[in-house]
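Residue numbers (our numbering): 5 to 343.
Listed below in structure tokens is the structure:
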């Protein structure tokens, strides 16, 4: 199993020590470095800026939001970064949620799976550069229908370094996970648990069946908190506030995909309680309502021996890469423990 470093998206400003952490990850033998975007910093600029200090690691977005850019704009950025990095770029895409898509980007959210399918098709066409790009879909039309009538199919002026840039899809629901297996080169789970492996294997197998085969080298890069600490409860306490935010506050009451992940994991009552408390403004109580067992199901925390023992369960799953976070010192500790 490979290790990757996930920088994430910024909070109020650039994360301190990001460049040191990225170069440390490369020195330690990490396989990849990833950035993200929400509704503040973007994913592409930091990846290019800090990624320029690396020479070996894969550079990926986890994730670029579909609604932030047209498919052709995303394809342009992907080809540009692929050239600048010497063929080390991976395009991680995700639909995000209706609060961000409609509230921040002013775009309609319905039918995210259909939109994702069309989006990926257009990106693939641009990068392949086999012919002028044409797409007549319900979500996207190239050339635009009903415009001036002057639009014409175009082919990228830039020749791609690689005619196939890997695309990974961030997905949590079974249909979206299946879609990643059907049309993409990898899946980016956020809250994975070894206990849910059979559920996700079935979803991936459904997608591979629709595709007609399982592509060689299909990647599953899971974001997994790893905290090396002698006290398990103190380690869990570092993660619980973030879980409370995602379970309780990321999305609306009836449209929170993160909440649904934990409900399927067997924590439906906990997820409901956390959501009710969080939406009522009682964030500390929401955090306190998260049991340590839930943290342990989705993280690797505790003393080195405990983490090494539990790592086997992760190695037996569909996950091919663990994406960890933290400063340079944390990465050195994690690399020492996980080898």
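The beta carbon of each residue, even a glycine, is placed where N, CA and C say it ideally should be.
Taking the C-alpha atoms as reference points, what is the distance between residue i and residue j?
i           : j           : result
residue 345 : residue 241 : Not covered by the structure: residue 345. The range shown for the chain is 5 to 343.
residue 221 : residue 168 : 14 Å
residue 23  : residue 54  : 6 Å
residue 13  : residue 202 : 30 Å
residue 36  : residue 50  : 14 Å
residue 7   : residue 328 : 7 Å
residue 237 : residue 160 : 53 Å
residue 94  : residue 84  : 12 Å
residue 20  : residue 141 : 43 Å
residue 9   : residue 111 : 31 Å
residue 57  : residue 27  : 7 Å
residue 276 : residue 292 : 14 Å
residue 215 : residue 77  : 26 Å
residue 137 : residue 151 : 17 Å
residue 284 : residue 148 : 44 Å
residue 103 : residue 144 : 21 Å
residue 65  : residue 270 : 30 Å
Tell me whether residue i is buried or exposed, calling it buried when 16 or more other Cβ atoms sit within 10 Å of its Cβ.
i           : result
residue 208 : buried
residue 86  : buried
residue 69  : buried
residue 239 : buried
residue 189 : buried
residue 279 : buried
residue 325 : buried
residue 185 : buried
residue 46  : buried
residue 89  : buried
residue 170 : buried
residue 219 : exposed
residue 164 : buried
residue 155 : exposed
residue 92  : buried
residue 134 : exposed
At what residues does the alpha helix (DSSP H) containing residue i begin and finish?
i           : result
residue 183 : 178-187
residue 106 : 102-107
residue 55  : 48-55
residue 32  : Neither: residue 32 is in no alpha helix (DSSP H) and is coded neither H nor E.
residue 334 : 332-342
residue 76  : 75-88
residue 291 : 287-292
Checking contacts by CB at 7 Å: is residue i closer than that to chain C?
i           : result
residue 281 : Among the chains in the structure shown there is no chain C, since it carries only a single protein chain.
Residue i by DSSP, collapsed to three states: which one?
i           : result
residue 262 : helix
residue 233 : coil
residue 209 : helix
residue 203 : helix
residue 152 : coil
residue 297 : helix
residue 163 : coil
residue 140 : strand
residue 274 : helix
residue 281 : helix
residue 238 : helix
residue 304 : strand
residue 17  : coil
residue 252 : helix
residue 23  : helix
residue 158 : coil
Go to residue i, then tell me how far its beta strand (DSSP E) extends in each direction, as first and last residue.
i           : result
residue 70  : Run containing residue 70: none; DSSP gives neither H nor E here.
residue 6   : 6-12
residue 172 : 171-174
residue 127 : Not the beta strand (DSSP E): residue 127 falls in the alpha helix (DSSP H), residues 116-132.
residue 319 : Taken as a continuous stretch (DSSP letters only), residue 319 belongs to no beta strand (DSSP E), being part of the alpha helix (DSSP H) at 308-319.
residue 225 : 223-227
residue 93  : 93-98
residue 58  : Premise fails: residue 58 is in no beta strand (DSSP E) and is neither H nor E.
residue 324 : No beta strand (DSSP E) contains residue 324, which DSSP labels as neither H nor E.
residue 192 : 190-192
Got a sec? Which residues, its chain only, sit under 8 Å from residue i by beta carbon, not counting five neighbours each side?
i           : result
residue 282 : 248, 249, 251, 252, 253, 290
residue 121 : 183, 187
residue 319 : 5
residue 180 : 99, 116, 117, 120, 173
residue 346 : Examination of residue 346 is not possible in this model, given that the chain is present from 5 through 343 alone.
residue 30  : 37, 58, 59, 60, 61
Whose C-beta lies closer than 6 Å to the C-beta of residue i among residues of the same chain, with five residues either side of it excluded?
i           : result
residue 229 : 243, 303
residue 79  : 127, 130, 131
residue 139 : 126, 146
residue 106 : 113
residue 317 : 198
residue 323 : 224, 226
residue 267 : 275
residue 44  : 14
Tell me which same chain residues have a C-beta within less than 7 Å of the C-beta of residue i, skipping the five on either side of it?
i           : result
residue 321 : 198, 201
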